[in-house]
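Below is one structure; the comments refer to it alone.
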Amino acid sequence: MGIQYTKMKIQILQMESLLEESCESLGEEFTYDTPLYLTCPLETFVNKSGNILNMYTQELNLKKSIISSIEIINERDKIMVMLSSWLNQPLINIEIIKEFEEVCEIEIDYEESL
-1 MGIQYTKMKI
9 QILQMESLLE
19 ESCESLGEEF
29 TYDTPLYLTC
39 PLETFVNKSG
49 NILNMYTQEL
59 NLKKSIISSI
69 EIINERDKIM
79 VMLSSWLNQP
89 LINIEIIKEF
99 EEVCEIEIDY
109 EESL
């Protein structure tokens, strides 16, 4: 998850930089109001991507905490709870990811139909 997380973080930073550059060169109206393809302006993509990154940041921090805690815990029940948290990824909201994927699908399908 670490390498993927790093790649995601770099991409989000690049998107945020693109948002700033767009605002400076094309203006706020284009950046915040004009759809890139069909419905969503650039800001929407950047914000939704940032929200997803935040979820993964929290999940990665949870996993680091589990790793450091599991070494000192001797109780089987507590270890099982930690392993369950590890496997179930409670801080990842799949619905938010699906929503972003749907937005991207709509935008990409529209672009391909042109």
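Residues -1 to 112 in my numbering are what the sequence shown lists, from first letter to last. Yeah, the Cβ is synthetic: ideal placement off N, Cα and C, and Gly gets one too. Here the structure is a predicted model, which is why all the values come from computation and not from measurement.
Would you list the residues sitting across from residue i in a DSSP beta bridge?
| i | result |
| --- | --- |
| P39 | P33 |
Counting along the chain, where does the alpha helix (DSSP H) carrying residue i start and finish?
| i | result |
| --- | --- |
| Q9 | G0 to L24 |
| N86 | R74 to N86 |
Considering only the beta carbon of each residue, do residue i and residue j sit closer than 7 Å?
| i | j | result |
| --- | --- | --- |
| V79 | C38 | no |
| E57 | L16 | no |
| Y35 | Y3 | no |
| T29 | S20 | yes |
| I64 | W84 | yes |
What whole-angstrom Cβ distance do residue i and residue j have, given they're in contact under 8 Å?
| i | j | result |
| --- | --- | --- |
| E93 | V44 | Between V44 and E93 the Cβ distance is about 20 Å, and since that is not below 8 Å, they are no contact. |
Checklist entry - Are at least three pairs of beta-carbons, each pair with one atom in the region 62 to 81 and one in the region 40 to 53, less than 8 Å apart? => result no
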